[in-house]
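Following our numbering from start to finish, the sequence shown increments by one per residue and tops out at 105. Below you'll find the structure, written out as structure tokens, and then a few comments.
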Amino acid sequence: MNVTVEIGDQVVELEVPDALISEATEFFDKMDRDMNCGWQMSRWWVPDPDSTQRCQIVADKLLTSIQKNESESAMLMCAYILRAKPSTCRISINTVGEIQGNAFYDA
-1 MNVTVEIGDQ VVELEVPDAL ISEATEFFDK MDRDMNCGWQ MSRWWVPDPD STQRCQIVAD
59 KLLTSIQKNE SESAMLMCAY ILRAKPSTCR ISINTVGEIQ GNAFYDA
């Protein structure tokens, strides 16, 4: 699946293999267990992130992966988002420090 990631003026195209979504289930489950304990989302502590908030948290991790040129990690983060929001074709990452500003768009 092709996903466009927008980071300010930068646009990154990621081709996420469909199989990755099902093959990385154990990794995604661990991510969910970590988030089950709550998460600091910018200035706010969220004790039980919902599905959208979890994707916003993972989009923040996606940003870090792209900035560090860690393509495997970026693919995993994008696959996590696609597992939760399968119709996502574009991810807009907020670059001013507000995780809640990360947005997901369908085709």
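From the three backbone atoms N, C-alpha and C, an ideal C-beta is built for every residue, glycine too.
Counting Cβ pairs, one atom from each stretch, are 3 or more of them under 8 Å apart for the region 13 to 31 and the region 74 to 86? A contact exists between the region 13 to 31 and the region 74 to 86.
If you check the beta carbons only, do residue 5 and residue 62 fall under 8 Å apart? Against a cut-off of 8 Å, the Cβ pair of residue 62 and residue 5 comes out as no contact.
Quick one: what's got a C-beta closer than 8 Å to residue 89's C-beta in the same chain, skipping five residues either side? Spatial neighbours of residue 89 in its own chain (CB-CB distance under 8 Å, excluding positions within 5 residues in sequence) are listed in chain order as 1, 2, 3, 4, 57, 60, 76, 79, 100, 101, 102 and 103.
Relative to the alpha-carbon of residue 54, which residue among 97, 43 and 40 has its alpha-carbon at the smallest distance? Of the listed residues, the one whose Cα sits closest to residue 54 is 97.
If you check the beta carbons only, do residue 33 and residue 45 fall under 8 Å apart? No; because the gap between Cβ atoms is not below 8 Å, this pair is not in contact.
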